[in-house]
Amino acid sequence: MRIDLLALSQIIDKSVLQKELNYINEIYNFNLTLDLWCDFINEMKPIVNGQKELFT
Amino acid sequence: MKVFEANITHQVSDYLNDILKNVVTIEKANQKMRKALGFIHFFDNEEDLQILKETISISQNIVSEPDRAEYGDFQTNTDLANKVALHLTTKNVSPEIVIEPTCGKGNFIVASLKQFDSVKKVFGIEIYKPYVWESKFNIIDFYLNNPTENKPEILIIHSSVFDFDFKTIAKENGTKEILIIGNPPWVTNSKLGSLNSSNLPKKTNFKNHNGLDAMTGKGNFDIAEYITLMMIETFQHQKGNIALLVKNTVIKNIVFDQFSKKYHISEIEKYCIDSKKEFNVSVEASLYYCKLNSNPFFECAEFNFYNNSKAKLNFGWLSDKFVSNIDTYSIAEQIDGKCPFEWRQGIKHDCSSIMELDKVNGHFVNGLKEEIKLESDLVYGILKSSDLKNTVIKETRKHTIITQKKVGQETNYIKYDFPKTFQYLSEHQDAFNARKSSIYNNKPPFSIFGIGDYSFKPYKVAISGLYKTFHFTLVLPQNEKPVMLDDTCYMLGFEKLEFAVYSLILLNSETTVQFLQSITFADA
Numbered sequence: 001m002r003i004d005l006l007a008l009s010q011i012i013d014k015s016v017l018q019k020e021l022n023y024i025n026e027i028y029n030f031n032l033t034l035d036l037w038c039d040f041i042n043e044m045k046p047i048v049n050g051q052k053e054l055f056t
Numbered sequence: 057m058k059v060f061e062a063n064i065t066h067q068v069s070d071y072l073n074d075i076l077k078n079v080v081t082i083e084k085a086n087q088k089m090r091k092a093l094g095f096i097h098f099f100d101n102e103e104d105l106q107i108l109k110e111t112i113s114i115s116q117n118i119v120s121e122p123d124r125a126e127y128g129d130f131q132t133n134t135d136l137a138n139k140v141a142l143h144l145t146t147k148n149v150s151p152e153i154v155i156e157p158t159c160g161k162g163n164f165i166v167a168s169l170k171q172f173d174s175v176k177k178v179f180g181i182e183i184y185k186p187y188v189w190e191s192k193f194n195i196i197d198f199y200l201n202n203p204t205e206n207k208p209e210i211l212i213i214h215s216s217v218f219d220f221d222f223k224t225i226a227k228e229n230g231t232k233e234i235l236i237i238g239n240p241p242w243v244t245n246s247k248l249g250s251l252n253s254s255n256l257p258k259k260t261n262f263k264n265h266n267g268l269d270a271m272t273g274k275g276n277f278d279i280a281e282y283i284t285l286m287m288i289e290t291f292q293h294q295k296g297n298i299a300l301l302v303k304n305t306v307i308k309n310i311v312f313d314q315f316s317k318k319y320h321i322s323e324i325e326k327y328c329i330d331s332k333k334e335f336n337v338s339v340e341a342s343l344y345y346c347k348l349n350s351n352p353f354f355e356c357a358e359f360n361f362y363n364n365s366k367a368k369l370n371f372g373w374l375s376d377k378f379v380s381n382i383d384t385y386s387i388a389e390q391i392d393g394k395c396p397f398e399w400r401q402g403i404k405h406d407c408s409s410i411m412e413l414d415k416v417n418g419h420f421v422n423g424l425k426e427e428i429k430l431e432s433d434l435v436y437g438i439l440k441s442s443d444l445k446n447t448v449i450k451e452t453r454k455h456t457i458i459t460q461k462k463v464g465q466e467t468n469y470i471k472y473d474f475p476k477t478f479q480y481l482s483e484h485q486d487a488f489n490a491r492k493s494s495i496y497n498n499k500p501p502f503s504i505f506g507i508g509d510y511s512f513k514p515y516k517v518a519i520s521g522l523y524k525t526f527h528f529t530l531v532l533p534q535n536e537k538p539v540m541l542d543d544t545c546y547m548l549g550f551e552k553l554e555f556a557v558y559s560l561i562l563l564n565s566e567t568t569v570q571f572l573q574s575i576t577f578a579d580a
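Sequence lines, in order, name chains A and B. Residue numbers for the first sequence follow the working numbering, beginning at 1 and rising by one. Residue numbers for the second sequence follow the working numbering, beginning at 57 and rising by one.
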């Protein structure tokens with residue numbers, strides 16, 4: 001699918017993100033936070049980028 | 057009244073009676089029809105002349121009409137034909153040559169004669185002989201009611217459009233402005249084939265599909281699309297225009313193909329009509345218009361035919377991307393790329409009566425209404441496209457038996473580890489053997505497809521592949537087991553609930569909806 005989630009994650013308004021998360025937590029009785037957001041972003045980054053960082 | 061199974065008014069019948077009164081030879085008859093009304097070869101043979109003269113001298117001749125579905129026959133009503141021709145005059149269309157490649161009863165020819173004073177020659181091609189005559193009679197009727205109208209040369213030719221030599225017309229009239237107008241049949245070649253119709257183009261892989269694509273259905277094409285492309289290819293270097301009523305899918309395909317074909321057409325426009333009102337059919341269709349002999353253009357402006365002052369949107373190629381709304385795409389294009397996670401399709405088993413189970417009063421019941429007993433280990437909840445309505449799903453209507461953890465895995469373990477399940481599956485071996493698809497050939501018994509490690513991820517974000525929806529759903533485990541999806545669904549699988557929810561929020565965001573709206577065609 002053509003949706004670049006990494007690009008999307010970088011343009012989304014964080015307040016909107018938090019608001020949506022709060023809504024889902026309330027309706028579906030979750031207890032989720034944005035604590036893992038950075039891990040999520042890193043998961044999406046290509047391995048090549050990581051290799052470049054290693055050598056810079 | 058009918059002659060040659062074609063409707064003829066008394067006015068036309070009386071006229072022909074009069075003009076052919078003392079005429080006995082075909083040469084004389086054709087000479088008279090040409091001099092009076094511009095028809096070339098009004099009669100193809102002596103027999104037609106004799107039959108016509110005899111028939112119109114008798115007051116009544118009633119013959120029932122055969123089934124015209126074979127030919128995708130939906131005659132354009134005169135009102136619509138006139139509106140199309142009138143609309144073309146607002147675009148300064150002023151043809152010397154008019155061609156209607158599948159002219160039917162000639163309504164577009166009559167509309168063209170009415171609107172365009174510049175016409176010097178008309179070609180109507182029609183496979184159904186009664187309509188050839190009805191076209192001629194309708195044209196005569198038009199002239200009798202409008203005696204001062206311009207009378208170009210008119211050729212109504214009894215021929216299949218696939219056999220007719222359009223190239224010669226192009227060659228002989230290279231400097232003249234041409235208009236190709238009409239309503240080619242909205243039927244596919246496979247539909248015609250199933251009706252045993254002989255009116256098919258010669259078998260040709262005209263879209264150059266590879267073998268597998270041709271075998272698996274991409275070889276099924278729309279006849280109107282074929283005819284439209286044939287007209288574009290033949291006349292693209294000639295001054296003129298094309299205006300044809302076709303399905304919206306055809307227009308989308310033509311604009312799509314422009315990227316590779318680079319036909320010399322521009323000002324490509326789509327005027328949406330109300331097919332239900334005009335033809336009493338439920339398919340979306342429009343007037344396709346383009347200008348010939350231009351630098352290739354790769355966009356199409358879309359209008360409402362009945363209120364066409366301003367384009368609703370533009371679709372087509374933006375650089376190397378084919379989009380359904382160029383303006384909306386420009387807003388969301390930054391997210392057009394590759395998803396960092398791999399999208400997967402769900403389970404395929406082609407054996408729903410055996411493999412899809414309902415839970416009734418604590419028992420599993422299969423599609424044959426048999427109550428079955430089997431171990432629960434291989435039974436998983438499964439969702440279909442129609443189930444993906446809500447944002448979060450925690451339980452399923454249906455269950456399925458997952459016989460493998462990856463494609464091609466041996467299934468003999470089931471006999472030893474899950475004997476009841478094995479017994480059930482074995483008792484219905486015939487159903488598995490009856491699966492038509494060749495993908496099951498030489499595979500372990502009870503094989504399934506669309507299965508892998510991803511299928512067993514606990515948290516999934518899924519979307520229907522069948523319905524025109526842009527809403528993504530979070531699928532949670534059921535009874536601590538991952539839920540499966542069928543092959544009509546697409547999904548991402550996650551180990552962490554947070555990742556699944558973050559993805560869900562991103563995918564259901566307004567930016568994503570705008571993006572998806574700008575790359576999908578709702579009507580085609």
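Even glycine gets a Cβ: it sits at the ideal position worked out from N, Cα and C.
In this structure, what does DSSP give as the bridge partners for residue i?
{"i": "B:E156", "result": "B:G180"}
{"i": "B:M540", "result": "B:I438"}
{"i": "B:M547", "result": "B:R400, B:A518"}
{"i": "B:L530", "result": "B:V448, B:V517"}
{"i": "B:V302", "result": "B:S342"}
{"i": "B:N612", "result": "For residue 612 of chain B there is no data in the structure shown, the boundaries of chain B being 57 and 580."}
Express the C-alpha separation of residue j and residue i in angstroms, rounding to a whole number.
{"i": "B:A226", "j": "B:V463", "result": "56 Å"}
{"i": "B:Q67", "j": "B:N201", "result": "9 Å"}
{"i": "B:Q534", "j": "B:D433", "result": "13 Å"}
{"i": "B:H143", "j": "B:E281", "result": "22 Å"}
{"i": "B:I307", "j": "A:L36", "result": "46 Å"}
{"i": "B:I118", "j": "B:E61", "result": "Interpretation of B:I118 is limited by its pLDDT of 41, a score under 50 that renders its predicted location unreliable; no figure is taken from the coordinates."}
{"i": "B:E431", "j": "B:S482", "result": "15 Å"}
{"i": "B:E412", "j": "B:L235", "result": "56 Å"}
{"i": "B:L211", "j": "B:S386", "result": "49 Å"}
{"i": "B:N206", "j": "B:V569", "result": "54 Å"}
{"i": "B:K524", "j": "B:K450", "result": "23 Å"}
{"i": "B:F371", "j": "B:N309", "result": "12 Å"}
{"i": "B:P203", "j": "B:N78", "result": "23 Å"}
{"i": "B:T456", "j": "B:K429", "result": "13 Å"}
{"i": "B:E209", "j": "A:I3", "result": "57 Å"}
Can you give me the Cβ contacts of residue i inside the same chain, cut-off strictly under 6 Å, excluding the 5 residues immediately before and after it?
{"i": "B:V337", "result": "S331"}
{"i": "B:G418", "result": "none"}
{"i": "B:L369", "result": "E358, N381"}
{"i": "B:A137", "result": "N163, F164, A167"}
{"i": "B:L522", "result": "S441, T544"}
{"i": "B:I155", "result": "F179, I236"}
{"i": "B:A141", "result": "A167, S168, Q171"}
Please confirm if residue i has its CB atom under 8 Å from at least one CB of chain B.
{"i": "A:E43", "result": "yes"}
{"i": "A:S9", "result": "yes"}
{"i": "A:E20", "result": "yes"}
Once the 5 residues before and after residue i are set aside, which same chain residues still bring their CB inside 7 Å of it?
{"i": "B:L548", "result": "F397, W399, K516, V517, S559"}
{"i": "B:I495", "result": "F505"}
{"i": "B:G230", "result": "Q294"}
{"i": "B:F99", "result": "I82, A85, N86, L105"}
{"i": "B:R453", "result": "D443"}
{"i": "B:W189", "result": "V59, F60, A62"}
{"i": "B:A388", "result": "T567, Q570, F571, S574"}
{"i": "B:K223", "result": "T290"}
Of all Cβ atoms in chain A, is any one closer than 8 Å to the Cβ of residue i?
{"i": "B:C346", "result": "no"}
{"i": "B:S120", "result": "Confidence in B:S120 is poor, its pLDDT being 43 and thus under 50, which makes the residue's placement too unreliable to answer from."}
{"i": "B:V569", "result": "no"}
{"i": "B:F397", "result": "yes"}
{"i": "B:I449", "result": "no"}
{"i": "B:Q390", "result": "yes"}
{"i": "B:V557", "result": "yes"}
{"i": "B:I64", "result": "no"}
{"i": "B:K394", "result": "yes"}
{"i": "B:K552", "result": "yes"}
{"i": "B:S565", "result": "yes"}
{"i": "B:I561", "result": "yes"}
Using C-beta distances below 8 Å, list every residue in its chain close to residue i, excluding the 5 sequence neighbours before and after it, in chain order.
{"i": "B:I321", "result": "I288, Q292, I298, Q314, C346, K347, L348, S350, P352, F353"}
{"i": "B:E466", "result": "P500"}
Next item on the list: Would you check if the segment 566-578 of chain B and the segment 372-384 of chain B touch, i.e. whether three or more CB-CB distances between them fall below 8 Å?
Entry: Counting Cβ pairs under 8 Å, three or more are found: they touch.
Item checked: Validate contact between the segment 179-195 of chain B and the segment 207-219 of chain B using beta carbons, cut 8 Å, 3 pairs -> Touching, yes, given that three or more Cβ pairs across the two stretches are closer than 8 Å.
Check: Is the number of C-beta pairs between the segment 441-459 of chain B and the segment 484-495 of chain B that are closer than 8 Å three or more?
Finding: Because the criterion of three Cβ pairs below 8 Å is not met, the segment 441-459 of chain B and the segment 484-495 of chain B do not touch.
Note to self: With a threshold of 8 Å, are at least 3 pairs of Cβ atoms found where one atom belongs to the segment 520-539 of chain B and the other to the segment 4-19 of chain A?
What the structure shows: Contact fails: fewer than three Cβ-Cβ distances are below 8 Å.
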